[in-house]
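Going left to right, the sequence shown walks through residues -17 to -1, 1 to 1083 as mature numbering (1 follows the signal peptide of the UniProt record, and there is no 0) numbers them. Below is one structure, written out as structure tokens; the observations come after it.
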Amino acid sequence: MANLYFLFIGLLQMVKEISISEGVPTIYLPLVTIVAITAAKDYYEDYKRKKSDREENQSRCTVLREGVFVSSQWQNLRVGDVVKIKQNQFFPADLLILNTTEPKGMCYVETKGLDGETNLKPKQCQKDLFQYFLENNKQKDFDESVFNRRKIIFGYEQPNALLEKFDGYVKLPDFKDLISISNKNFLLRGCSLRNTKYLYGLVANTGHDTKIQKNSFNARAKRSRLESIMSSQILLIFLIQMIICCFCSIYFITYRNSNKEDQGYLMYDDQSNAFLFFQKFGNWLLIFGNFVPISLLFTLEFVKFFQAIYIMYDDGSLDAKYKPNQQGMIYNGYAENGEKIQFKTQAQSSNLNEELGQIEYIFSDKTGTLTRNVMQFKKISINGISYGEVEEGDPDYITDEMLKEFPKVQNVDFRDMSLIRALQNPDHSEHKYVIKTLAMIALTHTVIISEEQDIKDPKKTIKQYNASSPDELALVNFAKFCGVEYMGVVDDDEDDEEMSNAKENNEDDVVISICGKLVAFKLLEVFEFDSTRKRQSVIIKDPETGKIKLLCKGADSVILKHSDRLNCQKIPEVSQHLEEYSLIGLRTLLLSEKEIDVEVYKEWKEGYKRAQADMHNREEKTQQFQQELEQDLIVIGATAIEDQLQDEVGETIYALKQAGIKVWVLTGDKVETARNIGYSCKLLSPSIAQHRIQLKGEALNNDELAKELVKQQLKTTYTKIIEENEKQLAETNELNTQNALIITGEALAHITDPDLADILINITMYCEAVLCCRVSPLQKQQIVSLVRKNNKSVSTLAIGDGANDVNMITAAHVGIGIKGLEGQQATRASDYAIGEFKLLRRLLFFHGREAYRRNSRLVCYNFYKNIVVVVPQFWFAFNNFFAGQTLYEPYMYQIYNVFYTSMPIMVYAIMDLEFNPSVLMENIGNYYLPGIKHFLFNEKVFWQWFINGFCQAFIINFVCFYSLQTNFTSSDGYMLDFWASGTMVMGLVVLIANFKVFIISFDHTVFSVIFNIGSIIMFYLSFITLSNLNSSVIDNLFQVIMASPNYHLGNLLGVVAVCLCIDFASERWIRGQAQSIRETLLQERLNEQKLKLSKSQLVK
């Protein structure tokens, strides 16, 4: 829009009747320069993307062409092609599996390129489709020429972005019914083949139709508060420009009509007032065309670009004087395999740099964000007995020496020997319960066993568990540690004779080793975990009894809701253990089972098959059938896993709270677990009053009762907080913000009424911390949106590390992704990606705070420097009765923004430092508070700069006009004309504008000095050049005015009057009052809260 404005100004300059540059579009010189530089930057970025795209599109794969498999580029693939993918190759398109080298059409896929997860995932060819292409042969006799003989019809859903869902069908010539195809039979581009020699696939989606492309996050239309205010002020400036142009035009017409008779020597044309108005309006529009800085957006964009680069490459070297060995914004850590890694912060939305300096609300995920997401199994409850309670020195404590006799596993820190004895002694009273519980842990999962090369001996391979989550890996490793080891799934072609003998029949079985004895269970169904169900189940056939059992593990709130409380004898003991585990911050799961009658299962299976084959609403129908079986569960135990906090999380949260930032933690954990993590990370403290909004008992199953209870709890909490504040305000004249609100997802689900939402927001105004427990991914987004909607003046930030945090991250003003163990979806969706939570402190307190300070000055300065160069023409116009005469040489006027004044402020905005980063991170002087209060850039600050520029323009015009035109004559006795005064004005403006950058700078570097002095030299070089051109309006002017003492004395007077008396003095005063200003802001904040309290009293 700005470029179009200046393009329009250039067109007006070519209209001779109104042109002030003799019909030459001089503004196109700076405009072309800016557009060219911007285009070059965009071209470079596009070139990098195109190069990357070309490399990927020209990757090669093996595709069936005219009956033969040949090598072809990815970009030449078409829907319906059959491709052959070898081990470790990436999939070139979304594929339907037709055949693999593994038995039963199995294959293993790594999705790291899609979601960042390194664990392998099993995929399988649909069994009927697999047999169709085998042609009744065995897998080892498979002939790939079958794809020339046999055809299928494959129908499937429209391309979409859902990674975990796929609906389709296959019609085979020999089959009457359609064969259902699900996500399990479908491979996605961006993934790679692992532990499988090769597979054959049918191309379903290519290019932009693939799911990975559908999940590409486009640049979100997020704008910082500074940009929003700036845009509104530009419109006001333009309105003022129009008003001034109208005033000047009317003034001239009025003067002309009043003096036309007395000034016949001027030979006025006989033109109508309307024509004159539009002519003069056009003159003045061109004269004041630079009211809006042509270089503003260009300068701001490039400054933010380089600020983002500094964020990415900040290695902490600036802190050396105060804090040696600072890591800056670079995360140095370790991968899962122990390898050292280094992750640089990624700035993906540099236009939000200054927004980082104004954050008042932070919404944080817990697992993987505040914690490491590296689980350690700690305790287990079996048959009402809690194991793992021993301490070093106890008789049952497993010492380090004893630990050497146990299997070497990761993610387990369990030292209770009494459980091991109960497992190993068949006569022990708890033996059968321990066996049953550990067997369930070893069976209820989706872990894949892969063979990896032994690092110590490359000739050997070792078996390794690949789990979908760190929790699951810790559970399976714990069972192995105790002596119940998951051995994998056995198929017909299994080479291991011992494993094959353990099979129950010719069906695929899952095999576990119980104290060295292999036992096979027929695996009938697997109901996978998701964030909605919050549980995972498997259906197995018991080898000893032939009975069918459902084994289910999940969140206690879900399992207890679906349990058979009448037949669960140990629920009180297990519940007590869960409470104890939660009190020390452990993550808990409940273990349960259910016996299913064979006939009931067969009937259910028929319905489940129909649901799986349904072409519409397959997912909803299958979940209904799954839930049908997951009822009347018998609780058999509970597990407790520790997720340790990341480094300096407590210190970071404490610093954020001290800076005035409200921290909300949103987690799926139960209340007591979340509370104890809250204490660990210093979100909560004993001095903070805690207020709970929580549903229990019957209210959990009764929506009307739940809503009424939530409403009552909210009002009670609000009233209590108001009364406590009234009391404290009367006694100490201070408000009590030492409150924390704890609210559960079940309660949040009922806060849909606007009145209840208002009460919730009002409560949080008096809370320095909020803890939301048991919340879903959708609720996380709703919470952020609720705060934004009810408090439009605040800036919010959301931070998380997993796919379940994406909605929250995109809903906040600023989204931060942490590169963790839960994939890359959060970092891809974020505006900034960091390696660990503690880096948030530096990102906000240093980079955000400084970007806000510098960018605020940059925007104000860009308008100021244009005011001081444009407005002197307005003051000068009183001398020629607003005839529409410009003061400046046209080319000098148009290149003023780009060549005389742009670089010094850019260097300032990129490199200036008010304080060392370590000082800002300590934040002892409330350095971050001005950003929260929007003190450095708002409407008031903007117009202060505007008025200051207006007044300084008057001083400059007065000094220059009376230095040359009124009090100076040349050597031949002539007075100098207005071109001399105008050029002096231009030179003085360039001096003052560049000195202004010196004055507002805190840190003077070699670069700042070079560019400031260089900009001034650039003006004089262009002055000399134009002065030596016969066609220039300032021909030979340089030599004339340089010989004038008045010129030099006038410059000195102007610089002293403006720079020293106004700018330097005011800047020094502001710096001297900086701390008191921050204290005043703090007091104003308290006064605002007192005002809210008084309003609350009226409402109450």
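All C-beta atoms, glycine included, are put in the ideal place defined by N, C-alpha and C. None of these values were measured; they are calculated from a predicted model.
**Q.** Identity of the residues DSSP links to lysine 500 by a beta bridge
**A.** Ile497
Q.
aspartate 150 and arginine 601 - do their beta-carbons sit closer together than 7 angstroms?
A. Closer than 7 angstroms, so yes.
Q | Cβ-based burial, glutamate 468 [other Cβ within 10 Å; buried from 16] | A | Buried: at least 16 other Cβ atoms inside 10 Å.
Q: Measure from the alpha carbon of asparagine 921 to the alpha carbon of each residue in Leu533, Val942, Asn838, then state which is nearest.
A: Closest option to asparagine 921, Cα to Cα, is Asn838.
Q. Excluding sequence positions up to five away, which residues of its chain have a Cβ less than 7 angstroms from the Cβ of leucine 566?
A. Glu655, Asn659
Q: Using 10 angstroms around the beta-carbon of phenylalanine 158, count the other beta-carbons present and answer buried if the total reaches 16, otherwise exposed.
A: exposed
Q: Could you have a look at leucine 222 and say whether DSSP puts it in helix, strand or coil?
A: helix
Q | Boundaries (first-last residue) of the alpha helix (DSSP H) holding valine 842 | A | Where valine 842 is concerned, the enclosing alpha helix (DSSP H) stretches over 832 to 859.
Q.
My output table needs one value for alanine 76: the three-state DSSP class, helix, strand or coil.
A. Here alanine 76 carries a coil assignment [DSSP, helix/strand/coil].
Q. For residue 1114, which of Ile236, Val753, Cys108, Lys532 has the nearest alpha-carbon?
A. With the chain covering -17 to 1083 only, the question about residue 1114 has no answer from this structure.
Q: Please say whether threonine 810 and glycine 800 have beta carbons closer to each other than 7 angstroms?
A: yes
Q. How far does the beta strand (DSSP E) with residue 1096 in it reach, from first residue to last?
A. No answer is possible for residue 1096: it lies beyond the span of the chain, which begins at -17 and ends at 1083.
Q | Rounded straight-line distance, which links the Cα of valine 618 to that of isoleucine 766 | A | 33 angstroms
Q. Are arginine 824 and alanine 638 closer than 7 angstroms when you measure CB to CB?
A. In contact: arginine 824 and alanine 638 (Cβ atoms closer than 7 angstroms).
Q. Based on Cα-Cα distance, which residue from Gly932, Val46, Pro142, Gln262 lies nearest to cysteine 228?
A. Gln262
Q) Taking buried to mean at least 16 other C-beta atoms within 10 Å of its own C-beta, is cysteine 498 buried or exposed? A) exposed
Q: Decide if arginine 239 is buried, meaning its Cβ has at least 16 other Cβ atoms within 10 Å, or exposed.
A: buried
Q) Between the beta-carbon of cysteine 664 and the beta-carbon of leucine 628, is there less than 7 angstroms? A) yes
Q: Closer than 7 angstroms by C-beta to valine 972: which residues in its own chain qualify, once you throw out the five before and the five after it? Chain order, please.
A: Val851, Val852, Ile939
Q: Could you pull out every residue in the same chain whose Cβ sits closer than 7 angstroms to the Cβ of arginine 675, ignoring the five residues on either side in sequence?
A: Ile725
Q. Should leucine 1004 go down as buried or exposed, given a rule of 16 or more other Cβ atoms within 10 Å for buried?
A. Classified as exposed, leucine 1004 has fewer than 16 neighbouring CB atoms from the shown chains inside 10 Å of its CB.
Q: Measure the C-alpha to C-alpha separation of glutamate 487 and proline 526 and round it to an integer number of angstroms.
A: For glutamate 487, the pLDDT reaches just 46, beneath the cut-off of 50, and the residue's location in the model is therefore unreliable, although a value from the coordinates is still provided. Roughly 7 angstroms between the two C-alpha positions.
Q. Given valine 854, which residues of its chain have a CB within under 6 angstroms of its CB, disregarding the five upstream and five downstream residues?
A. Phe933, Ala936
**Q.** Ranges of the beta strand (DSSP E) found wholly within the segment 534 to 587, counting only runs of at least 3
**A.** 570 to 579
Q. Using CA coordinates, which residue listed in Ser668, Met312, Leu739 is at the minimum distance from lysine 821?
A. Met312
Q. Could you give the residue range of the alpha helix (DSSP H) that holds alanine 642?
A. That residue, alanine 642, is in no alpha helix (DSSP H); it is neither H nor E in DSSP.
Q. Which partner residues of isoleucine 363 appear in the DSSP bridge assignment?
A. Tyr370, Thr622
Q: Put proline 105 into one of helix, strand or coil per three-state DSSP.
A: strand
**Q.** Strand pairing of glycine 138, partner residues [DSSP]
**A.** Tyr152
Q: Evaluate histidine 917 with the Cβ neighbour count: other Cβ atoms within 10 Å of its Cβ, from every protein chain shown; 16 or more gives buried, anything less gives exposed.
A: Classification of histidine 917: buried, given that the 10 Å Cβ count is 16 or more.
Q | Contact check, lysine 167 vs leucine 161, beta carbons under 7 angstroms | A | no
Q. Contact between the segment 729 to 748 and the segment 692 to 710: three or more CB pairs below 8 angstroms?
A. yes
Q) Just how far apart, CA to CA, sit tyrosine 115 and leucine 47? A) Each residue's alpha carbon lies about 18 angstroms from the other.
Q. Can you check whether the CB of leucine 780 is closer than 7 angstroms to the CB of isoleucine 294?
A. Not in contact: isoleucine 294 and leucine 780 (Cβ atoms no closer than 7 angstroms).
Q: Taking leucine 268 as the reference, give the member of Met1001, Phe1006, Glu118, Phe857 with the closest Cα.
A: Phe857
Q. Could you give the C-beta distance for residue 1105 and tyrosine 844, rounded to a whole number, given that I count them as a contact under 8 angstroms?
A. As displayed, the chain neither begins before -17 nor continues past 1083, which places residue 1105 out of reach and without an answer.
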